[in-house]
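J.:
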DNA sequence: GTCTTATACCTAAGATTGTTATGTATTAGA
DNA sequence: TCTAATACATAACAATCTTAGGTATAAGAC
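Chains as they are written, first to last, in the working numbering: chain A, 135 to 232; chain B, 135 to 232.
Below you can see the structure in the form of structure tokens.
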């Protein structure tokens, strides 16, 4: 969900850049590890939510990801789903008697 | 975390009662399934956060759970940890440029 | 009376997803 | 020249949830 969200806000990004962006946005509190990131990117791509574009930077290769049309829809859905989750959790956590 | 929280608010409860309470508090949106509930209760008990008391109701047996002193501390910690998570996620999700 | 639903406990197989570790390679800076 | 940062990726392991199955009592519908 986070990956989809930052791609939705920032447009074309590559994996490493996403980790940096998330760390920055969360003030270092969310560290998207590579073992979580890359399999997620590959899965999202396989599901048709992301499309890729490989770019050579000198001798190094960068793989840029962009949301597909379907990806934009899913991004919105996943974020609002998460917002609902937060609301639900808040109502569960607010209650306390005595 | 949810289990610890409802036990903290409501005191002595048995497993089935916890699922009902959580469903009620979340307006049916969080369904604590038995396959998730019981292993969690057993783990929390093994970790020393819960203590049990078996009560016979007619021929049926109920296993009541109560927070230990350590359990109360952990309950607070886990809840505030989750609150921090929500705050962090909110700051990540809020950002969006045009 | 009998059948279904609710109550009440539990475990286990399978799936998902994250962490940790490892591998490879380029580039920048000390 | 050595280390840290950049940049991709996979795999073993761990944690945890869902789904499915098992057992049994109590309440209510027909």
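Backbone N, C-alpha and C fix where the C-beta goes; we use that ideal spot for every residue, glycine too.
No experiment lies behind these values; they were computed from the predicted model shown.
Look at the Cβ atom of residue 175 of chain B, then the Cβ atom of residue 150 of chain B, and state whether they are nearer than 8 Å.
T.: On the second chain, residue 175 of chain B is found 41 positions in, with the first residue counted as 1. On the second chain, residue 150 of chain B is found 16 positions in, with the first residue counted as 1. The answer is no: Cβ separation not under 8 Å.
J.: Apart from the five residues on each side of it in sequence, which residues of its chain come closer than 7 Å, Cβ to Cβ, to residue 213 of chain A?
T.: In the first chain, the residue the question calls residue 213 of chain A occupies position 79. Cβ neighbours of residue 213 of chain A beyond the five flanking positions: 135 and 139.
J.: Apart from the five residues on each side of it in sequence, which residues of its chain come closer than 6 Å, Cβ to Cβ, to residue 178 of chain B?
T.: Reading the second chain from its first residue, position 44 is the one you call residue 178 of chain B. Excluding sequence neighbours, residue 178 of chain B sits near 184.
J.: Buried or exposed: which applies to residue 147 of chain B, given that a residue is buried once 16 or more other Cβ atoms fall within 10 Å of its Cβ?
T.: Here the question's residue 147 of chain B lines up with position 13 in the second chain. Residue 147 of chain B should be labelled buried.
J.: Check whether the Cβ atoms of residue 202 of chain B and residue 182 of chain B lie closer than 8 Å to each other.
T.: Sequence index remark: in the second chain, residue 202 of chain B carries index 68 (1-based). Sequence index remark: in the second chain, residue 182 of chain B carries index 48 (1-based). In this structure, residue 182 of chain B lies closer than 8 Å to residue 202 of chain B by Cβ.
J.: For residue 225 of chain B, which of helix, strand or coil comes out of DSSP?
T.: As a first step, residue 225 of chain B is located in the second chain; it is residue number 91 there, counting from the start. The answer is helix: DSSP assigns residue 225 of chain B an H, G or I state.
J.: Considering only their Cβ atoms, is the gap separating residue 160 of chain B from residue 224 of chain A smaller than 8 Å?
T.: Position 90 of the first chain holds residue 224 of chain A. Position 26 of the second chain holds residue 160 of chain B. Taking 8 Å as the Cβ cut-off, residue 224 of chain A and residue 160 of chain B do not qualify as a contacting pair.
J.: Please state the DSSP three-state secondary structure of residue 159 of chain A.
T.: Counting from one through the first chain, the residue named residue 159 of chain A turns up at place 25. Of the three classes helix, strand and coil, the one that applies to residue 159 of chain A here is helix, per DSSP.
J.: Which residue comes first and which comes last in the alpha helix (DSSP H) that contains residue 184 of chain A?
T.: On the first chain, residue 184 of chain A is found 50 positions in, with the first residue counted as 1. First-last for residue 184 of chain A: 184-191, but that is the beta strand (DSSP E), not the alpha helix (DSSP H).
J.: Determine whether the Cβ of residue 220 of chain B lies closer than 8 Å to any Cβ atom of chain A.
T.: Position 86 of the second chain, counted from the start, is the residue given in the question as residue 220 of chain B. It does; some Cβ of chain A falls within 8 Å.
J.: Between residue 163 of chain B and chain A, is the shortest Cβ-Cβ distance under 8 Å, so that the two count as touching?
T.: Residue mapping note: residue 163 of chain B aligns to position 29 of the second chain, counting from 1. Answer yes: the Cβ-Cβ gap between residue 163 of chain B and chain A drops below 8 Å somewhere.
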